[in-house]
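Undergrad:
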Amino acid sequence: MHARRMMRTAATGLLALTLAATSAQADPQLQVLEERAFQQAAAQADASIVRIETIGGLDVVGEMVASSGPTTGVIVAADGWIITSSFNFAARPTSVFVTTVDGRRHAATIAGRDESRRTTLLKIPVEGLKPIVPAPREELRVGQWAIALGRTFDPEFPNLSVGIVSALDRMSGRAIQTDAKTSPVNYGGALVDIEGRCLGIVVPMSASGDEVTAGVDYYDSGIGFAVPIADVLAVLDRLQEGTVLKPGKLGILYTPKGLDDPVVIERVNPRSPAERAGLQKGDTIIGAGGRPVSRAAELKQALGPLYGGDAVTLTVRRGESTLDVPVELTDEIVQLTPGLLGLLFDRARQDPPVARVFDVIPDSPAAGAGVAAGDILQSINGTPVVTLAEAQAVMLAATAGDQVTLEVRTGDETRTLTAELTAWPLETPARIPAQAIPAPPDLESPTVRRGRIVDQVVGDDRRFWAFVPEHYHPDYAYGLVVWLHPESGRREAETLAAWRAVCEERGLILVGPPAGKEAWSPEDVPFVLAIIEKLQKDYTIDERRVMLAGEKEGAMVALVTALQQPDRFAGLSMLGVGLPEPVAMVMEIPVPLHLSAFEGDRDARDIERTAELLRGRSRSVVARRWPGDGADGLTASAAEELGRWIELLGAL
């Protein structure tokens, strides 16, 4: 009977065969030999390929209609252990059944999951099964034959697709790539070599998403992936214990500008493995796990295969020193809710430097603790602070709910106060005081340009406009609003009319760079940054109140700019545009974000969904709907609220 089954398997294999490297003019005898080899390889693995059926569960998964058809699994241990793709359980079925090669149907339980490699381990109450034979990892070669096996069309015979191994260590070191056709027909099945030995387990994968359905759109595209069987077997005992394995996370932010840029740490997440290991902002990672790292892709390749709880040694360059830093990865970075105290600091130049309070936000923790205008902050939780920058550094790891002890000087008296930090508000407070700036003694000086000005940067013939408040005083730090217009029109007059009063009241400089050739592109980012640098050189700019903002297409370039240079901006405002859901689900915005749209703007119906998805991975996200259709751009009332939000950005 077994021989008869092998013959029928071979016959069915002939009908489903895809020959990846055989042309119409190939030697007929060679073609026959290849077909025979593929049939024999399928026959060798046949007894280890099982059919999986699920019952119940969701009708829709994400944006996909859940499939109710059979799928595939692979026997990895004789006593009933079966590995398959987690895609097959995305619908959360209520019952799972496995049919083995002898036609018997068994109820199965889900034992463990590997969320990094998108696999699931099943258990059926059967002994004496035939486990798949693994191919030695060291024998894997690009260009070797690869046969994808599934058992969906006919429970007795595997369906197969032939290709080659087209790449190794793909998807951050977690997968083999093949051009054999992969799809729900063989997800969870085996990718075998010409001897029928298992190379890996077929799963959908995508670099753009972590959900189990990511990568399904590669269906029949010539790009398929399989988790190396060696990696599956290496964690089999942990999966058998019921463990849910998750990707290892370090807890740093870096945004390389180009593919070959070094990995320079821009931010270390508070209470993360990176912080516990002593990694610092400015460190350059040059090695991981004994592998050299010269760019971001190499770091992902080194860390991608690791799980939470795994240890790795990073080699970093800090100044002139090279350090080896052992790190234990975690499976979850706790997204802390940043704490807000509610102090607004004097923007006048202080000599000697002090952190002088000009006011407090009404109903804030600072107001409740008794901090008053004119107080000088001297320490936080026992750490002395002389400047505002030092105060911000101490508060960097503080979170909502934390108790802080403040030492403030009021005249000749020193007071010790306590306050419980609150979360950054999801709505801009209705009242935030603005600091009154006196008229400068040189108001008529021709050396300081005030009002509406037109200028340009060296090396670019484009001219930008800016508005500098008439009362601009060089001894006070001014906020900066960089406004990137929509491609439908520059709207200079409308934008200036909306912002003028806000700029005068709150000490803001407004600048409007033009798009290149009337259309924004990432190539405009250096131009925008050059304008900011010029204004910072010509005027006294408060780094805590530099807001990058844009409308429609301009908003997307603002986002790209903020992601590339997060340390330059205190906040990002995006008007009239949300983010695609797959992007919002994985993106971390490194600066506070204000998302807004007009009620009549149909193109921006998803800003609330974008905000919902981004919260938890970003410091602060506000979503706001403005009345009207926005035909003339931002209104004065909207600019007034954004002015309050900018003031909030500069608060401690």
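If you're matching positions, the sequence shown starts at -2 in our numbering and goes up one per residue.
Using N, Cα and C, we set each Cβ at its ideal position, and we do this for glycine too.
1) Would DSSP call LYS178 helix, strand or coil?
2) Does the Cβ of THR327 have 16 or more other Cβ atoms within 10 Å, making it buried, or fewer, making it exposed?
3) Can you check whether the CB of ILE373 is closer than 8 Å to the CB of ARG406?
4) For PRO577, tell me which candidate among ILE173, GLU609, GLN561, ALA567 has the shortest Cα-Cα distance.
5) The beta strand (DSSP E) that contains PHE461, what's its start and end?
6) Can you give the Cα-Cα distance for GLU60 and THR380, rounded to whole angstroms?
7) With burial defined as no fewer than 16 other Cβ atoms inside 10 Å of the residue's Cβ, what is the status of LEU256: buried or exposed?
8) Can you have a look at LYS178 and say buried or exposed, based on whether 16 or more other CB atoms are within 10 angstroms of its CB?
9) Got a sec? Which residues, its chain only, sit under 6 Å from GLU112 by beta carbon, not counting five neighbours each side?
10) Is ALA105 near VAL95, with beta carbons less than 8 Å apart?
11) Measure the beta-carbon distance from LEU545 to LEU569 and round it to whole angstroms, keeping in mind my assumption that it falls under 8 Å.
12) Considering only residues of the segment 93 to 132, which uninterrupted beta strand (DSSP E) runs meet the minimum length of 3 residues and lie entirely inside it, listed in chain order?
13) Counting only the same chain and skipping the five closest in sequence on each side, list residues whose C-beta sits under 7 Å from that of GLN389.
14) Do you know offhand how far GLU644's Cα is from ASP458's?
15) Within 10 angstroms of the Cβ of ASP151, are there 16 or more other Cβ atoms? Answer buried if so, exposed if not.
16) Counting only the same chain and skipping the five closest in sequence on each side, list residues whose C-beta sits under 7 Å from that of ASP629.
17) Please state if the CB of GLY301 and the CB of ARG194 are separated by a distance shorter than 8 Å.
18) Tell me whether TRP642 sits in a helix, a strand or coil according to DSSP, three-state version.
19) Between the Cα of GLY287 and those of ASP280, LEU296, GLY306, spot the shortest distance and give me the residue it belongs to.
20) If you measure between the beta carbons of GLY186 and ILE121, is that distance less than 8 Å?
21) State the Cα-Cα distance for the pair GLU135 and LEU196, rounded to the nearest angstrom.
22) In chain order, which beta strand (DSSP E) runs of at least 3 residues are fully inside the segment 297 to 377?
23) Assuming GLY630 is part of the beta strand (DSSP E), what are its boundary residues?
24) Which partner residues of ASP151 appear in the DSSP bridge assignment?
25) I'd like to know if the segment 429 to 444 and the segment 408 to 420 are in contact, where contact means that at least 3 CB-CB pairs between them fall below 8 Å.
26) Please report how far the alpha carbon of ARG446 lies from the alpha carbon of ASP452, in whole angstroms.
27) Pick from ILE72, GLY647, THR68: whose alpha carbon is nearest that of PRO90?
28) Closest Cβ-Cβ distance between LYS178 and chain B: below 8 Å?
29) Please go through the same chain and pick out, in chain order, the residues whose beta-carbon is closer than 8 Å to the beta-carbon of GLY456, but skip the five residues on each side of it.
30) To the nearest angstrom, how far is it from the Cα of LEU639 to the Cα of ALA308?
31) Excluding sequence positions up to five away, which residues of its chain have a Cβ less than 8 Å from the Cβ of ALA271?
32) Out of curiosity, what's the CA-to-CA distance linking ASN183 and GLY625?
33) DSSP three-state label for ILE429, please.
TA: Looking at the atomic coordinates:
1) The answer is coil: DSSP assigns LYS178 none of H, G, I, E or B.
2) buried
3) Result yes, Cβ atoms of ARG406 and ILE373 sit closer than 8 Å.
4) GLU609
5) 461 to 465
6) Only weak support exists for where GLU60 lies, its pLDDT of 46 falling under 50; the coordinates are left without a value.
7) exposed
8) The residue in question, LYS178, is buried, as its Cβ has 16 or more Cβ neighbours within 10 Å.
9) Correct list, in chain order: LYS243.
10) yes
11) 5 Å
12) 102 to 111, 116 to 120
13) LEU649
14) The alpha-carbon atoms of GLU644 and ASP458 are separated by roughly 33 Å.
15) exposed
16) GLU491
17) no
18) helix
19) LEU296
20) no
21) 11 Å
22) 308 to 315, 318 to 325, 340 to 342, 352 to 357, 373 to 377
23) Looking at the DSSP string, GLY630 is not in any beta strand (DSSP E), and its letter there is neither H nor E.
24) PHE154
25) no
26) 11 Å
27) Taking the Cα of PRO90 as reference, the smallest distance to any Cα among ILE72, GLY647, THR68 is reached at THR68.
28) Chain labels in this structure do not include chain B; a single protein chain is all it has.
29) ALA527
30) 45 Å
31) LEU247, GLY248, ILE249, ILE262, VAL265, VAL324
32) 52 Å
33) Assignment of ILE429 by DSSP, reduced to helix, strand and coil, places it in the coil class.
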